[in-house]
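All remarks here apply to the structure that follows.
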Amino acid sequence: MRTRSDITNSKVVEHFTARTDKYDDSSKWCTDLTMLAKVFSHLAPSAESVVLDVACGTGLVSKTFQGKVRKLVGVDLTEAMFNKGKVFTDGLVHSSAECLPFKNDAFDLAIERQGIQFMDAAAAVSEMVRATRPNGKICLIQLCAYGEEDQDEYFEILRLRNPARKNFFLREDLATLLKDAGCAEVEVIDYISEENVDRWSDHGAIRDERRAGIRDVYRHASPGFNKYHAVRLEENGTIVDRMLFGIAVGTVSS
Ligand SMILES: C[S@@+](CC[C@H](N)C(=O)[O-])C[C@H]1O[C@@H](n2cnc3c(N)ncnc32)[C@H](O)[C@@H]1O
Numbered sequence: 004m005r006t007r008s009d010i011t012n013s014k015v016v017e018h019f020t021a022r023t024d025k026y027d028d029s030s031k032w033c034t035d036l037t038m039l040a041k042v043f044s045h046l047a048p049s050a051e052s053v054v055l056d057v058a059c060g061t062g063l064v065s066k067t068f069q070g071k072v073r074k075l076v077g078v079d080l081t082e083a084m085f086n087k088g089k090v091f092t093d094g095l096v097h098s099s100a101e102c103l104p105f106k107n108d109a110f111d112l113a114i115e116r117q118g119i120q121f122m123d124a125a126a127a128v129s130e131m132v133r134a135t136r137p138n139g140k141i142c143l144i145q146l147c148a149y150g151e152e153d154q155d156e157y158f159e160i161l162r163l164r165n166p167a168r169k170n171f172f173l174r175e176d177l178a179t180l181l182k183d184a185g186c187a188e189v190e191v192i193d194y195i196s197e198e199n200v201d202r203w204s205d206h207g208a209i210r211d212e213r214r215a216g217i218r219d220v221y222r223h224a225s226p227g228f229n230k231y232h233a234v235r236l237e238e239n240g241t242i243v244d245r246m247l248f249g250i251a252v253g254t255v256s257s
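Just so we're on the same page, this note's numbering is the position in the sequence shown counted from 1, plus 3.
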């Protein structure tokens, strides 16, 4: 995992407040029902499950669980984001995920999608584990570099796209975070999302120079990067990237 130390929570809140209106449409993956169905069926919560959605944002993950489990609680730091997500939860808490205001063992399942890249990831995952009962499940869903050959360029693209991003992951980092926090039976599943890079970078909170910088990295991408991302430069100028999500699941040790 690579980490930047200059990211503060107020920078994160400022970034997502600026993005709230466009957020749900700012990537294909945001509303990708196939991805969410895959996660749901893999976690297989029961109708009695009590579920925590960490960094719930506008509630796109919560929506998948709402009505299918006993209770779904969301947590987020950015008021504008969670005000939009409210309708998809049975309870919403304005808090940092690094210090969750819940008792030990309160949940059967804790999930986060694209949240821990803005946090002290080890602290946040430890909190998810603490708040989840023994034998409960923890799920982390994160954009990852494929490996050594693409990570420098991909991390630069992710940094340009989101100035508030603190952490950059490989799949194995997600597994390590879960194991270090006290999970067993950890597995990481791949999910590929084909993203139109212009749509993905047009989220309303970065200047055009950064978007141009992203296009530049793609245009000059190395063979190692292209081997995995299979970047398509279409005739109309659209750049399409095969982005990798790691879906990491662990069981809280008893
Ligand atoms: C990329 S969005 C993901 C939203 C949602 N999980 C989804 O998949 O659509 C990241 C969210 O993380 C939230 N966030 C960032 N740092 C946080 C922290 N320390 N504690 C709680 N939420 C945080 C932001 O406010 C934002 O809503």
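All C-beta atoms in this analysis are idealised placements derived from N, C-alpha and C, irrespective of residue type, glycine included.
Computed from a predicted structure; not experimentally measured.
Less than 8 Å separates the beta-carbon of G77 from that of D56. In the structure shown, the three-state DSSP call for T6 is strand.
If you look at K230, you'll find it isn't in any beta strand (DSSP E); it sits in the alpha helix (DSSP H) that goes 226-232. With contacts defined by Cβ atoms closer than 8 Å, V191 and G249 form a contacting pair. According to the DSSP secondary-structure assignment, M84 is paired through a beta bridge with no residue. With a minimum length of 4 residues, the unbroken runs of alpha helix (DSSP H) contained wholly in the segment 29-76 fall at 36-46, 65-68. In the DSSP assignment, S196 falls within the unbroken beta strand (DSSP E) covering 186-199. If you draw a straight line from the Cα of A127 to the Cα of Y194, it comes to about 23 Å. In this structure T92 touches C59 by the C-beta definition: roughly 7 Å separates them, less than 8 Å. The Cβ neighbour count for T81, taken over all protein chains shown within 10 Å, is at least 16; the residue is labelled buried. Excluding five sequence positions before and after I160, the CB atoms of its chain that fall closer than 6 Å to its own CB belong to I217, V220, given in chain order. In terms of CA proximity to L36, K66 leads the group P137, A124, K66, F172. When rounded, the separation of the alpha-carbon atoms in D155 and F19 is 25 Å. When C-alpha distances from D244 are compared across G139, V90, R222, V255, the shortest belongs to R222. Shown here for T241: same chain residues with a beta carbon closer than 7 Å to its own, the five before and five after excluded, namely N199, D201 in chain order. Contact fails between the segment 208-217 and the segment 169-179, because fewer than three Cβ pairs, one in each stretch, are under 8 Å apart.
For the pair T61 and T34, the Cα-to-Cα distance works out to about 11 Å. The shortest C-alpha to C-alpha distance from L247 to any of P104, M38, K106 is the one to M38. Under the 8 Å Cβ criterion, the segment 8-18 does not count as touching the segment 108-117, having fewer than three qualifying pairs. Judged by DSSP secondary structure, R116 falls within the beta strand (DSSP E) whose first and last residues are 110-116.
The nearest non-hydrogen atom of ligand 1 is 7 Å or more from the C-beta of N86.
Per DSSP, the unbroken alpha helix (DSSP H) holding D155 starts and ends at 151-164.
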